[in-house]
Amino acid sequence: MATTTRKRCGRTGVSDDPQHVPRARDGRAPDVFRHGGWVPMRCYGENDEVDFAIVGTGAGGGTLACRLAEAGFSVVALDAGPYWRPLEDFASDEHEQTKLYWTDERIVDGENPLQLGSNNSGKSVGGSTVHFAMVSLRFRPEWFKARSKLGYGADWPLDWREMWDYYTEVEQALKISGPVRYPWGPKRPRYPYRPHELNAAALVLAQGAEAMGIDWTPTPLATVSAPRGLSPPCVYRGFCTLGCSTNAKQSVLITWLPRALAAGAEIRDLAMVGRVEVNEAGLATGVHYHREGAWHFQRARNVVVAGYAIETPRLLLNSATARYPDGLANSSGLVGKNLMAQSNQAVWGLMEDEIRAYKGPPSLSMTEHWNYQDRGKDFFGGYCYMSQGPLPALWATTQAGAHGLWGDALMRDMEKYNHQVGLKIVGEMLPQKRNRVTLADEKDQYGLPIARVTYSWCDNDKRLIEHSLRFMTQALEAVDARDIWRQEDDTCHLNGTARMGDDPRTSVVNADCRSWDISNLWICDGSVFPTVGGVNPSLTIQAIACRTADRIRALAARGEL
Amino acid sequence: MSNRYPGYDVLAKRHTPSWNEQTRRVIDKRLAISGEPRFFTAQEYALVGAICARIVPQPSDRAPIPVAALLDEKLVLNALDGYRDARLPPLREAWRRGLRALDEAAREAHGVGFTRLDAAEQDALLKRAEEGKLEGPAWEGMPSKLFFEKRLLRDIVLAYYAHPTSWSEIGWGGPASPRGYVRMGFNRRDPWEAAEAHGDDDAKALRENRRVG
Ligand SMILES: Cc1cc2nc3c(=O)[nH]c(=O)nc-3n(C[C@H](O)[C@H](O)[C@H](O)COP(=O)(O)OP(=O)(O)OC[C@H]3O[C@@H](n4cnc5c(N)ncnc54)[C@H](O)[C@@H]3O)c2cc1C
Ligand code: SF4
Chain A
1 MATTTRKRCG RTGVSDDPQH VPRARDGRAP DVFRHGGWVP MRCYGENDEV
51 DFAIVGTGAG GGTLACRLAE AGFSVVALDA GPYWRPLEDF ASDEHEQTKL
101 YWTDERIVDG ENPLQLGSNN SGKSVGGSTV HFAMVSLRFR PEWFKARSKL
151 GYGADWPLDW REMWDYYTEV EQALKISGPV RYPWGPKRPR YPYRPHELNA
201 AALVLAQGAE AMGIDWTPTP LATVSAPRGL SPPCVYRGFC TLGCSTNAKQ
251 SVLITWLPRA LAAGAEIRDL AMVGRVEVNE AGLATGVHYH REGAWHFQRA
301 RNVVVAGYAI ETPRLLLNSA TARYPDGLAN SSGLVGKNLM AQSNQAVWGL
351 MEDEIRAYKG PPSLSMTEHW NYQDRGKDFF GGYCYMSQGP LPALWATTQA
401 GAHGLWGDAL MRDMEKYNHQ VGLKIVGEML PQKRNRVTLA DEKDQYGLPI
451 ARVTYSWCDN DKRLIEHSLR FMTQALEAVD ARDIWRQEDD TCHLNGTARM
501 GDDPRTSVVN ADCRSWDISN LWICDGSVFP TVGGVNPSLT IQAIACRTAD
551 RIRALAARGE L
Chain P
1001 MSNRYPGYDV LAKRHTPSWN EQTRRVIDKR LAISGEPRFF TAQEYALVGA
1051 ICARIVPQPS DRAPIPVAAL LDEKLVLNAL DGYRDARLPP LREAWRRGLR
1101 ALDEAAREAH GVGFTRLDAA EQDALLKRAE EGKLEGPAWE GMPSKLFFEK
1151 RLLRDIVLAY YAHPTSWSEI GWGGPASPRG YVRMGFNRRD PWEAAEAHGD
1201 DDAKALRENR RVG
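As they're listed, the protein sequences go chains A and P. Numbered according to the numbering used here, the first sequence spans residues 1 to 561. Numbered according to the numbering used here, the second sequence spans residues 1001 to 1213.
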């Protein structure tokens, strides 16, 4: 399967500026566990036709790169972002660490323009998992058949029982720390690591839930509660969404990718893919990418796009040809459509006690009650809510942007920082065709048209949000919080834009993440979600990637690749 | 303003296990920022200074955070947010235009530029921007409400809370790698965290804050 190897991936030279000079080349990649360390990396020539060129190394692409390499395929995975060594590159600083985010310009519009940047997507080897909050939840089984079982959205072409096994695989691979007994849904195996200690903010959530008569749980988290190999246990420094400088966090960067390298995958950092090439026969032949100031072309038998829900459709649209004038894999007209954020509203209040919510992972406790309880709802879908621990810059922009404070009022409220508590939802938003990613006229630094992201809430979204705000307000009142206020406009996590399905007319890829139109073009990231559910998406994205790898292996064995 | 955390200084932890080398490097660089603007003109810079004084007013009994200088640095670097409301021009242009238009609005209402108004007049003008009530050719179609919310307020607040002085002021632990924290529950404080004064125990809080390290 593997093609000839040439041990050259670029110029020789020591890179000390990972944001401008690639680190992964010349037969080696950064050792993410050691200051200045390296691990060997197999390298392919651009003319080697590799089995898979993967665009993006996040939850979808990174996981898939690992599993395909371990199955014996030749893999080159490209990422526009830098290849970090967390121990030496990550500062304890909100400002500095914006270097982890996708901050290239994007235009937002619609009735409820999204706030992207920090809260949505990353640009790093390891993708958004380098700065994600580590909350690792399974879907409620019925969500995979939302249309037929619950009456909204669309059905997934996947069976929850199969997904249950892949969830288990991912939970083991990341050594998720979680409760002994999970209160909701069908039986699941024990979490590999014990739950984390709760901070005061998490205890407030627990007390509120108990007062309201609903279940709560310590949050299953992808940061270890005991040593694991070269990862020390979490030290509760609370900078998780700014990158974990201790490597306790089990991101794609330090879990799947070291495995991928060991299995012979090549990873190219600072490699921005601008176009997927297709030939006369309508098949993908490789990717054009920009690295070290020049455009290159990597040949490949299969191309996987895994750039997340904005960059994936942008790349497919930017790759339009005479044969595919509306972009690749777009015969359904659905590439870029049905973008779904998740609602991320919060209720904040003040406690008499000192809370100091900045200590520990930001969401140490949570409840999925309103994901599993359908009675008393005047909306479709569900939400979970979690305790919060914003650091000062995030908290100040929340107080300014969402609470409308400035001047003396802002300074007075900021002083109460250590007494602040908050409950925040991850809520389901429904797929709508008008919510979409298209191309703007403006170009980025590579000369590529940038994304225009259009978003409007539907009535169902608004009813869900209202329900959650009302409930969380009661939960904070129940623990005697004062000065309670609602943060009404926030969203997180992006999914959709290349949905999977059973029918080429109403979906972009099939259950195996293979595009209907171009048999050697695959999409494997958050874009393939037909619905989003009321939990954070990364565990599901990784589970889908594991399944896709198994399916590819099975198809290859049958000669159907 | 009352001082909730008397004597607490995040920087006292600079050489403790709460700070690592890369954090020291980053913060040192930030603390060295002050003085002459490189993006703003002298006139714009004076105006930005006056606006910052209203958005994030500072007490007179400590060295001020150089908010305008930190903002200037952001604009020199053209550090983008990663998204831009379709009704707003790019970062640098939004600031140039917004400042021009605010000053113009001050002249229209009071016959003098923004920096010459008293604090109440400045606040009133900013309030009108916040409410989207400032209009006119100087805005070139940019809604004043959006400029206020998404640029002016956001960028100034971010600049202020990027400075260690503001961290000390609110009693945040600050950088925390590799040491992290141990005491997580209600009213628990590690010895390297700020001690809060409650009105009757200022001396005790001061003593404890002097020992933070
Ligand atoms: C602040 C924050 C907190 C979060 N918290 C959680 C959480 O607690 N739990 C959870 O489950 N989820 C969380 N998420 C969401 C989660 O991180 C994402 O849903 C998930 O990582 C998406 O996976 P992906 O593979 O689709 O994309 P990503 O992980 O974003 O990976 C995409 C990668 O593709 C690269 N790329 C894109 N386009 C190109 C191109 N053209 N060429 C080369 N490379 C390209 C990008 O640089 C990026 O590295 C959080 C996200 C954020 C931002
Ligand atoms: S709290 Fe834990 S997971 Fe988060 S950044 Fe610190 S050590 Fe890493």
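Built from N, CA and C at the ideal position, the CB exists for glycine as well. Quantities reported herein were computed from a predicted structural model and do not represent experimental measurements.
Counted as a single uninterrupted DSSP element, the alpha helix (DSSP H) harbouring His1110 of chain P occupies residues 1091-1110. At a cut-off of 8 Å between beta-carbon atoms, Asp353 of chain A makes contact with chain P.
Three or more Cβ pairs drawn from the region 488-504 of chain A and the region 302-313 of chain A lie within less than 8 Å of each other, which places the two stretches in contact.
Counted as a single uninterrupted DSSP element, the alpha helix (DSSP H) harbouring His369 of chain A occupies residues 369-372.
Within 9 Å of the CB of Asn1078 of chain P, no CB atom of chain A is found; the nearest one sits about 10 Å away. Ala1086 of chain P and Gly534 of chain A have their C-alpha atoms roughly 29 Å apart.
Any heavy atom of ligand 2 counts here; residues with a Cβ closer than 7 Å to one of them, in chain order, are A:Met134, A:Thr223, A:Cys234, A:Val235, A:Tyr236, A:Arg237, A:Gly238, A:Phe239, A:Cys240, A:Cys244, A:Ser245, A:Thr246, A:Ala248, A:Lys249, A:Gly360, A:Pro361, P:Gly1180.
When C-alpha distances from Pro1017 of chain P are compared across P:Gly1185, P:Gly1173, P:Glu1208, P:Asp1202, the shortest belongs to P:Gly1173. The beta carbon of Leu116 of chain A falls within 8 Å of a beta carbon belonging to chain P, placing the residue at that interface. Membership of Asn495 of chain A in the beta strand (DSSP E) is indicated by the continuous run 491-495. For Gly533 of chain A, no alpha helix (DSSP H) encloses it, and the DSSP letter there is neither H nor E.
Burial check for Ala200 of chain A: the Cβ neighbour count within 10 Å reaches 16 or more, so the residue is buried. Chain-ordered listing is empty here: chain P has no CB closer than 9 Å to the CB of Met163 of chain A, the nearest sitting near 31 Å.
Take Leu87 of chain A, set aside five residues on each side of it, and the residues of its chain with a beta-carbon closer than 6 Å to its own are His35, in chain order. When C-beta distances to chain P are compared with 8 Å, every residue of the region 425-442 of chain A stays at or above that value. In the DSSP assignment, Phe471 of chain A falls within the unbroken alpha helix (DSSP H) covering 459-477.
Linking Gly208 of chain A to Ala357 of chain A through their CA atoms gives a straight-line distance of about 16 Å.
DSSP, reduced to helix, strand and coil, places Arg42 of chain A outside both helices and strands of the structure shown, so it counts as coil.
Residues of the region 203-226 of chain A that bring their beta carbon within less than 8 Å of a beta carbon in chain P comprise Leu203, in sequence order.
Not flagged as an interface residue toward chain P: Lys249 of chain A, since no C-beta distance is shorter than 8 Å. Counting the other CB atoms within 10 Å of its CB gives Arg1004 of chain P a total of 16 or more, which places it among the buried residues. Linking Ala154 of chain A to Thr540 of chain A through their CA atoms gives a straight-line distance of about 17 Å.
In the DSSP annotation of this structure, the continuous segment of the alpha helix (DSSP H) that includes Ala211 of chain A starts and ends at 200-212. Ser231 of chain A sits in a strand when the DSSP states are folded into three classes. In this structure, the C-beta of His493 of chain A approaches ligand 1 to less than 7 Å from one of its heavy atoms. Taking C-beta separations shorter than 7 Å and ignoring five residues to either side along the sequence, the partners of Asn279 of chain A in its chain run Thr285, following chain order. It is roughly 27 Å from the alpha-carbon of Glu46 of chain A to the alpha-carbon of Asp512 of chain A.
Each of A:Arg275, A:Met351, A:Trp160, A:Ala80 was checked against the Cα of Asn1187 of chain P, and the nearest Cα belongs to A:Met351.
Here the C-alpha atom of Asn371 of chain A lies approximately 7 Å from the C-alpha atom of Arg140 of chain A.
Restricting attention to alpha helix (DSSP H) runs no shorter than 4 residues, the region 29-117 of chain A encloses them at 61-70, 86-89, ordered along the chain. A contact is defined here as three or more CB-CB pairs under 8 Å, and the region 440-455 of chain A fails this definition with respect to the region 378-392 of chain A.
Glu46 of chain A has its Cβ no nearer than 7 Å to any heavy atom of ligand 1. Considering only beta carbons, the part of the region 1106-1129 of chain P lying closer than 7 Å to chain A consists of Asp1123, in chain order. Along the length of the region 266-327 of chain A, whole alpha helix (DSSP H) runs at least 4 residues long occupy 308-318, reported in chain order. Going by DSSP, Arg452 of chain A is part of the beta strand (DSSP E) stretching over 449-454. Close partners of Arg1054 of chain P in chain A (Cβ separation under 9 Å): Trp406, Gly407.
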